[in-house]
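S.K.: Let me begin by handing over the structure; questions about it come next.
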Amino acid sequence: MIKDWGGKGWGSGLIGVLIFSGSLPATRVAVAGFSPLFLTGARAAIAALLGAACLMLLRQQWPARSDIRPLAIVALGVVLGFPLLTALALQHIPSARSIVFIGLLPLATALFGVLRGGERPNPVFWLFSGIGSATVAGFALANSDSGSLTGDLLMVAAVLLCGLGYAEGATLSRRLGGWQVISWALLLSLPAMAAVALLFWPPTWQGIGTPAWIGLAYVSVFSMLVGFVFWYRGLALGGIASVGQLQLLQPFFGLMLAGWLLGEPVAWTMIAATAVVVLCVAGAKRFA
960 MIKDWGGKGW
970 GSGLIGVLIF
980 SGSLPATRVA
990 VAGFSPLFLT
1000 GARAAIAALL
1010 GAACLMLLRQ
1020 QWPARSDIRP
1030 LAIVALGVVL
1040 GFPLLTALAL
1050 QHIPSARSIV
1060 FIGLLPLATA
1070 LFGVLRGGER
1080 PNPVFWLFSG
1090 IGSATVAGFA
1100 LANSDSGSLT
1110 GDLLMVAAVL
1120 LCGLGYAEGA
1130 TLSRRLGGWQ
1140 VISWALLLSL
1150 PAMAAVALLF
1160 WPPTWQGIGT
1170 PAWIGLAYVS
1180 VFSMLVGFVF
1190 WYRGLALGGI
1200 ASVGQLQLLQ
1210 PFFGLMLAGW
1220 LLGEPVAWTM
1230 IAATAVVVLC
1240 VAGAKRFA
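Be aware that the sequence shown starts at 960, since it is given in my numbering, and climbs by one per residue.
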């Protein structure tokens, strides 16, 4: 594992988490105007075109043949799996309940970091990671409406695929670079994602509000591309299991964002839960 003595991996990973914090709220807004399948295809196609432009302008070499399989796994996890499954899930459950499952993403990422990245965190790391995940899940459960079995199962599948895509992409980023990995993965999935977008093209554009367009723009540019530039760099430098624990902060960043932009109240329980999570992230970093 690459040791990140200067903390660059953590800084880069934190920026990625901040960007991702707006993904679920933006998806929730976007599916009010677009179908989940069109949104999944369109966001990936738009990001792929931007990534392809960067690859061409900076004259990046084509990945080796041995890189195609890992890139396909990245595409399956973060380009297709997580965006589609969360968009489908958010039609059945509120965004607050989805935080329950996002709280499990650091554990999934760490697990696949062991299985795919060859990492071996200290046993105490798993204790801090488990407490942090339980804190996020408990907070979300206490502040969400009743769930849906369909929505819950879709979120479980989304978290597993996302954790796999994060770990695989981080491992590959150590050789190719973070932005190159997500750009190549997007480009690899472009034909399929463009076909999905065309197949589920909206019959009419009338009635699609400005918030839905803003949501589409955010998940296409930031959630699908820019965020991964920082996130994969952070995972590659600081370690998949270790830096992956920063995802525990993502739900609280999202709730704070909602409070800032939408004027929603910030409860004392959120502040308390955030404090516990920060301590768990610090502990996980110490023993990773």
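Backbone N, C-alpha and C fix where the C-beta goes; we use that ideal spot for every residue, glycine too.
1. Please report how far the alpha carbon of Ala1171 lies from the alpha carbon of Ala1117, in whole angstroms.
2. Could you compute how far the alpha carbon of Arg987 sits from the alpha carbon of Gln1020?
3. Quick check: does the Cβ of Phe1189 come within less than 7 Å of any heavy atom belonging to the ligand ZN?
4. Taking only the alpha-carbon atoms, compute the straight-line gap between Thr1109 and Arg1018 and give it to the nearest angstrom.
5. With a threshold of 8 Å, are at least 3 pairs of Cβ atoms found where one atom belongs to the segment 1034 to 1052 and the other to the segment 1140 to 1156?
6. When we look at the beta-carbon of Ser1132 and count the other beta-carbons within 10 Å, is it buried (16 or more) or exposed?
7. Helix, strand or coil, according to DSSP, for Glu1078 in the structure here?
8. For Ala1144, report the span of its alpha helix (DSSP H) as first-last.
9. Since I believe Val1073 is in contact with Ala1200 (beta carbons under 8 Å), could you give me their beta-carbon distance rounded to a whole number of angstroms?
10. Classify Pro1161: buried if its beta carbon has 16 or more other beta carbons within 10 angstroms, exposed otherwise.
11. Where does Phe1071 sit, in a helix, a strand or coil, going by DSSP?
12. Got a sec, what are the start and stop residues for the alpha helix (DSSP H) Ser971 sits in?
13. Report the residue from Leu1039, Gly1242 and Ser1142 whose alpha carbon sits nearest the alpha carbon of Leu1009.
14. What is the DSSP secondary structure of Ser1088, reduced to helix, strand or coil?
15. Beta-carbon separation of Pro995 and Leu1047 under 8 Å?
16. Which one of Phe1211, Gly1136 and Gln1165 has the shortest CA to CA distance from Leu1030?
17. Ordered along the chain, which non-local residues of its own chain (more than five positions away) have a Cβ less than 8 Å from that of Val1235?
18. Which residues in the same chain have their Cβ closer than 7 Å to the Cβ of Pro1022, if we skip the five residues on either side of it in sequence?
19. With Asp1111 and Ile1027 assumed to form a contact (beta carbons below 8 Å), what rounded beta-carbon distance in angstroms separates them?
20. Please report the straight-line C-alpha distance between Pro1080 and Val1237, rounded to a whole angstrom.
21. Under the rule that 16 or more other beta-carbon atoms within 10 Å means buried, what is Gly1124, buried or exposed?
22. Compute the Euclidean distance between the alpha carbons of Leu1119 and Arg1245, then round it to the nearest angstrom.
23. Taking 8 Å as the limit between beta carbons, can you name the residues of its chain near Val1185, skipping five residues before and five after?
M.R.: Reading from the atomic positions:
1. 22 Å
2. 37 Å
3. Only the bare structure without any ligand can be found here, which leaves the ligand ZN out of the picture.
4. 44 Å
5. yes
6. Classification of Ser1132: buried, given that the 10 Å Cβ count is 16 or more.
7. coil
8. Gly1137 to Leu1158
9. Sure, about 7 Å apart at Cβ, within 8 Å.
10. Exposed, because fewer than 16 other Cβ atoms sit within 10 Å of the Cβ of Pro1161.
11. helix
12. Lys967 to Phe979
13. Ser1142
14. helix
15. yes
16. Nearest of Phe1211, Gly1136 and Gln1165 to Leu1030, Cα basis: Gly1136.
17. Ile1090, Gly1091 and Thr1094
18. Leu1030, Leu1135 and Trp1143
19. At roughly 34 Å, the Cβ-Cβ gap does not stay under 8 Å, so Asp1111 and Ile1027 are not in contact.
20. 19 Å
21. For Gly1124, the number of other beta carbons within 10 angstroms of its own is at least 16, and it is reported as buried.
22. The alpha-carbon atoms of Leu1119 and Arg1245 are separated by roughly 25 Å.
23. Ile978
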